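Per full-length UniProt numbering, residue 1 is the first one in the sequence shown, and the count goes up by one each step.
Virtual Cβ for every residue (Gly too), placed ideally from N, Cα, C.
All values derive from a computational prediction rather than experimental measurement.
I have placed the structure first, in the form of structure tokens, so that the comments after it can refer back to it.
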Amino acid sequence: MPHEQVQQRVGLFGRIGAGNLGNDASLEAVLQYLRREHPDAVLDAMFTGPEPVGDRYGLRVTRLNWLRPAGRSRSRLLHIVLTMLRIGIGAVADAIWIGAWVSGHDVVILPGMGLFETDLAQRPWEFPYSLFLVSAAGRLFGTKVAYVSVGATATEQPVTGRLLRAACRLAHYRSFRDQSSLDAARRMRMAGPDDRVYPDLVFALPVPPARPEPTGAVAVGVMAYDGTPSDRNRAAEVRSAYVGKMTQLVRSLIDDGHRVRLMIGDFNDLPVVEEILADARSRWTGPGEPPVVFEELSTIDEVMDQLSQVDLVVGTRFHTVLVALMLGKPTVAIAYGRKHTELMNEMGVGDWVQQIADLDADLLEKQVASLSNDRARITQILTARATRNREQLDEQFARLSTELLNTPSRA
């Protein structure tokens, strides 16, 4: 039976709709593929933030967790007791909630994202447990679960590691978005011998036309960064140091005559933008407003539109960096994980990376100047690499159709 005549029930699952534009962009790439190649598939989703995404993409969306987060009690002891009760009740409730949802599908796709990454703080009973439930329910009910172009890092957290390992191993299909993710998955005994690397799903999205004429503008992508899980006790110090260095960079760019466009990749980043804008306004002595702009954005199309208006990018959030590279914009990446370095190396621009823990604002200024002097050559390299990545994702989509979607429905 041709695949157009098979009405597959396909579910999409993930941390979508919670304000992270990169995660939402990964969803959009998979949705475009499904609606183009499998228009008869019945689509729905289970996401962190159901309302805005469901309306935007025309999906029926179920809330990911049965229990909603509770506010903090004034009593520390009472808060601990209530938290433990909620974890216990939530673990049982979510097993039933997620299991029932998975059982109603032929295929569940988890599109991109750093699903198996542990660079940023998360507790085992949060998203790692949800991933385990999805994969276990898939095995139990005969639903094919697919982790598509996901990121992974090795973790020393034993409970988190066991949950992520089980989630990954129980899946029907796995691919990783870079070699370091696949290597980490193999070290964690999560990956199988046939698992492959395919580029980040966002490379599959259509891009706006290039603007060859220089604009003199530099995009600075910021993040509400407060360190790794090991930095919990000094999170405020880490955040202050990062914001201070990004503020210094913006000052320098303005002094050098650049227009600056501030950008975010998550709604949580807004306070950092506000601090930098306030500093720029307090120091500005020229007429009118300082040459720093920030326009709110809520979709990946808006991210692309704003980045298309600049010559150069300094980015922190992974998908701010990725989209800039995809558009052929010479970029300095501020890396809070191995994935930034891996991406920049794959795109042929590995010399323009700094690690966020050792961020040097003076070096950032020199790197921006270096990119500006070599802009045409770097743009050519990035354009060729982005085309290659789109071709590789077309290959992966063909595999997904063959291995997951061109089979009879269980209904």
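Find the nearest neighbour of residue i within the set the options, judged by alpha-carbon distance.
i       : options                            : result
Gly-315 : Gly-104, Gly-58, Val-260, Ala-95   : Val-260
Glu-51  : Val-61, Arg-123, Leu-43            : Val-61
Ala-241 : Asp-256, Met-223, Leu-253, Pro-229 : Met-223
Trp-284 : Asp-305, Glu-295, Ser-252, Met-304 : Ser-252
Val-293 : Phe-141, Ala-278, Gly-227, Met-304 : Ala-278
Gly-221 : Ile-381, Met-113, Val-310          : Val-310
Leu-312 : Thr-155, Leu-371, Ser-180, Gly-112 : Leu-371
Ile-254 : Ser-175, Pro-290, Gln-179, Leu-382 : Pro-290
Gly-142 : Pro-158, Gly-104, Gly-151, Phe-132 : Gly-104
Lys-339 : Ala-167, Gln-179, Val-202          : Gln-179
Leu-400 : Thr-387, Val-30, Val-323, Ala-137  : Val-30
Met-188 : Gln-367, Gln-157, Arg-390, Asp-256 : Gln-157
Met-113 : Val-92, Ala-91, Gly-192, Phe-203   : Phe-203
Pro-193 : His-38, Asp-183, Gly-288, Leu-163  : Asp-183
Are the CB atoms of residue i and residue j nearer to each other than 8 angstroms?
i       : j       : result
His-319 : Leu-21  : yes
Val-148 : Val-134 : no
Gly-350 : Thr-341 : yes
Met-190 : Arg-169 : yes
Gln-8   : Val-107 : yes
Leu-43  : Leu-12  : yes
Ala-354 : Ala-335 : Note on identity: in this sequence residue 354 is Gln, with Ala being the wrong assignment. The answer is yes: Cβ separation under 8 angstroms.
Leu-297 : Leu-322 : no
Leu-364 : Leu-249 : yes
Thr-153 : Gly-265 : no
Leu-405 : Ala-171 : no
Leu-131 : Ala-167 : yes
Need the endpoints of the alpha helix (DSSP H) that residue i sits in, please.
i       : result
Gln-396 : 375-400
Thr-341 : 338-346
Ile-16  : Looking at the DSSP string, Ile-16 is not in any alpha helix (DSSP H), and its letter there is neither H nor E.
Ser-298 : No alpha helix (DSSP H) holds Ser-298; DSSP gives it neither H nor E.
Ala-219 : Premise fails: Ala-219 lies in the beta strand (DSSP E), 217-221, not in any alpha helix (DSSP H).
Pro-271 : 270-283
Phe-294 : Per DSSP, Phe-294 belongs to no alpha helix (DSSP H); it is in the beta strand (DSSP E), 292-294.
Which residue comes first and which comes last in the beta strand (DSSP E) that contains residue i?
i       : result
Met-46  : 42-47
Ile-334 : 331-335
Tyr-147 : 144-150
Arg-259 : 259-263
Ile-356 : Taken as a continuous stretch (DSSP letters only), Ile-356 belongs to no beta strand (DSSP E), as it is neither H nor E.
Thr-62  : 60-63
Tyr-173 : 173-176
Tyr-111 : Before going on, a small fix: residue 111 reads as Pro here, not Tyr. Unbroken beta strand (DSSP E) run through Pro-111: 107-111.
Leaving out the 5 sequence neighbours to the left and right, which residues in its chain are closer than 7 angstroms to residue i when beta-carbon positions are compared?
i       : result
Glu-28  : Leu-205, Ile-300
Pro-2   : Bear in mind that the predicted position of Pro-2 carries a pLDDT of just 44, short of 50, making it unreliable; the figure below should be weighed with that in mind. Nothing meets the Cβ criterion.
Glu-403 : Tyr-173
Ile-378 : Pro-330, Val-349, Leu-371
Trp-352 : Thr-331, Val-332, Ala-333, Met-344, Gln-367, Leu-371
Gly-54  : Arg-60, Val-61
Quick one: what's got a C-beta closer than 6 angstroms to residue i's C-beta in the same chain, skipping five residues either side?
i       : result
Pro-208 : Met-304, Ser-308
Arg-15  : Asn-23, Thr-48
Tyr-33  : Phe-397
Ala-45  : Leu-12, Leu-59, Val-61
Arg-196 : Ser-175
Val-238 : Asp-226, Gly-227, Asp-231
Chain C beta carbons: is any one of them nearer than 8 angstroms to that of residue i?
i      : result
Val-53 : The structure shown contains no chain C, having only a single protein chain.
*Do three or more CB pairs link the region 223-233 to the region 264-278 at distances below 8 angstroms?*
yes
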